[in-house]
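Numbered according to the working numbering, the sequence shown terminates at residue 381, and the numbering increases by one at each position without gaps.
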Amino acid sequence: MVGWFVVGSLTKNSNLAYEVVFSWKQLDYQFKSLNQRNWAIENKSFIPENNIITGVKVFGNRIFLSVPRWREGVPSTLNYVDFNETSNPSSSPLIPYPSWEYQEVGNCTSFQYVQSMEIDQFGRMWVLDVGRVNIFTKPQNKCPPKLLIIDVTKDEVLKYYAFPENVVSHTTSFLNDLVVGCSNLSKEGCWAYITDSGDGKLVIYSLKDNTRKIYTLNGNIDAIALSPFDSKFDRVYYHPLSSRELFSVSTSVLQNASNCTTLSKPQVFRHGWTSSQSDGMVMDAQGNLYFGKLTTNALVYINASQKQMDESFVAQNDEDLQWVDTFGFDNQGYLYMTTNRMQRFESNTLDFGDTNFRVVRVFIGSKSCMYSAGKEGYIKA
């Protein structure tokens with residue numbers, strides 16, 4: 001693929017490298033009734049200015065979005081919007097997923113704070129629940145961090161796994177991101193690799209064995225990506241938010257080492273430095289690693305299999321691409337991303353008269369790392 005540079009607009013345009021498929025000045029939800037919405041505002045379970053989109057995944061005509069419970073007033077932390085080519089891209093209400101009943105704060109069997117999710121090639125969504133809520137204000141640590149697996153073809157919860165305190169702290173952890181690799185085309189032979197930004201750890205979960213391992217890192221960790229199916233998911237890539245350096249480690253090392261291990265320097269490969277800090281990143285089926293450049297509001301990629309850290313530009317725009325956060329793929333060759341002006345949200349300087357949150361997509365002609373570069377996926381979505 002050849003990199004290119006564009007300045008885009010808010011409307012779909014075949015001449016642009018990207019298109020904005022949804023945008024919001026301020027988030028709202030599909031409440032059961034107007035009375036429910038009014039009551040939520042009155043009792044402060046819905047404070048619109050405290051809601052921001054972060055995670056994104058795509059399945060069929062649904063775009064799934066997470067809304068972090070960093071502050072009070074987030075009524076639903078995992079949601080979706082219906083998408084088709086004629087959708088109105090502005091101000092669509094978020095629909096709680098799989099239902100409103102799964103959004104209850106303080107009910108530990110419900111979602112507390114969904115930070116990230118992944119959808120595997122078998123149509124299952126792996127949902128990462130931080131457990132802790134209101135981290136930016138008055139932290140509540142009642143519920144444990146957990147991992148849920150949902151069949152998105154039936155909207156049914158298949159698996160619930162709560163991390164014990166000795167694996168993931170219920171008071172200091174921050175489960176930030178995850179990737180999933182299913183080996184040998186097996187629904188059970190899946191490994192989840194999870195970053196714990198709070199305690200500087202890499203958490204590994206085996207679906208087949210229902211077991212977990214933890215690895216302490218000599219440094220911080222934020223985003224994570226997995227080498228593609230054709231390379232047998234052989235490496236996990238990660239980087240800190242506070243640094244421009246990219247690292248990777250062999251998945252065989254992670255799967256076979258003993259629990260509670262500190263990764264040594266020989267086990268960790270240092271790829272080099274990117275030209276900018278970034279938040280999320282993602283690998284496609286061809287081994288291209290995509291990430292945003294926070295300093296220039298751009299989307300770029302590198303070929304992760306090469307030693308050089310040569311970046312290819314995909315798109316740049318100071319309005320539409322402010323803080324590229326998280327990524328997702330469809331099965332039509334599109335890469336989706338959320339942009340959310342995180343720096344303004346954190347400083348309470350968002351202008352809600354302006355468009356702040358977007359779901360953007362760009363055609364790259366590839367699929368998620370979970371698939372072979374030359375074959376179709378198993379779930380036709």
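Glycine is no exception: its CB is placed at the ideal position from the N, C-alpha and C atoms.
Predicted model only: the values in this text are computed from it and were never measured.
| request: Take LEU128 as the anchor and find which of SER183, VAL268 and SER66 has the nearest alpha-carbon. | output: Of the candidates SER183, VAL268 and SER66, the one whose C-alpha sits nearest the C-alpha of LEU128 is SER66.
| Residue from VAL203, THR171, LYS232 and ARG62 with nearest C-alpha to SER186 | Minimum Cα distance to SER186 is reached at LYS232.
| field | Cutoff 7 Å; reference ASN141; Cβ partners in own chain excluding five residues on either side | value | Scanning its chain for C-beta atoms nearer than 7 Å, with the 5 sequence neighbours on each side dropped, one finds around ASN141 the residues ARG132, HIS170 and THR171, in chain order.
| Hey, how far is the Cα of SER116 from the Cα of ALA223? | Straight-line Cα distance between these residues: approximately 11 Å.
| What are the start and end residues of the beta strand (DSSP E) that includes SER252? | First-last for SER252: 251-256, but that is the alpha helix (DSSP H), not the beta strand (DSSP E).
| said: Between which residues of its own chain and ILE149 is the CB-CB distance below 6 Å, once the five residues before and five after are set aside? | reply: So the list reads ARG124, TRP126, LEU158 and LYS159, once near-sequence residues are dropped.
| request: Tell me, please, which residues DSSP counts as bridged to TRP126. | output: GLU118 and ILE149.
| field | Beta-carbon proximity check, CYS182 vs MET283, cutoff 8 Å | value | Inclusion of CYS182 and MET283 in the CB contact set at 8 Å is not warranted, their separation being larger than that value.
| task | Name the residue from GLU72, TRP70 and ASN84 whose alpha carbon lies nearest to the alpha carbon of ASN61. | result | Minimum Cα distance to ASN61 is reached at ASN84.
| Who does ILE224 pair with in a DSSP beta bridge? | When DSSP reads this structure, ILE224 sits in a beta bridge with TYR238.
| query | By the 10 Å Cβ neighbour count, where 16 or more other Cβ atoms means buried, how is ARG270 classified, buried or exposed? | reply | By the 10 Å Cβ count, ARG270 comes out exposed.
| In chain order, which beta strand (DSSP E) runs of at least 3 residues are fully inside the stretch 160-229? | 175-182, 190-196, 201-206, 211-216 and 223-226, all fully within the stretch 160-229.
| task | Report buried or exposed for LEU34, applying the criterion of at least 16 other Cβ atoms within 10 angstroms of its Cβ. | result | Flag for LEU34 reads exposed.
| task | Rank ILE302, PHE357 and LEU254 by C-alpha distance to the C-alpha of SER276 and give the top, closest one. | result | When each option's Cα is compared against that of SER276, the closest is ILE302.
| task | Report yes if the C-beta distance between MET309 and VAL324 is below 8 Å; otherwise report no. | result | Not a contact, by the Cβ cut-off of 8 Å.
| query | Do you know whose CA, among LEU321, TYR161, ASN288 and PHE345, lies nearest SER206's CA? | reply | Of the candidates LEU321, TYR161, ASN288 and PHE345, the one whose C-alpha sits nearest the C-alpha of SER206 is TYR161.
| request: Would you please state the rounded distance, in angstroms, between the beta carbons of PHE437 and VAL74? I believe it to be under 8 Å. | output: Since the first residue shown for the chain is 1 and the last is 381, residue 437 is missing from the structure and cannot be characterised.
| Given LYS44, which residues of its chain have a CB within under 8 Å of its CB, disregarding the five upstream and five downstream residues? | Non-local beta-carbon contacts of LYS44 in its own chain, meaning distances under 8 Å to residues more than five positions away in sequence, involve GLU72 and GLY73 in chain order.
| request: Tell me where the alpha helix (DSSP H) around ARG37 begins and ends. | output: Here the alpha helix (DSSP H) through ARG37 covers 34-42.
| query | For ASN340, does the count of other Cβ atoms within 10 angstroms reach 16, so buried, or fall short, so exposed? | reply | Of the residues assessed, ASN340 falls on the buried side of the cut-off, its CB having 16 or more other CB atoms within 10 angstroms.
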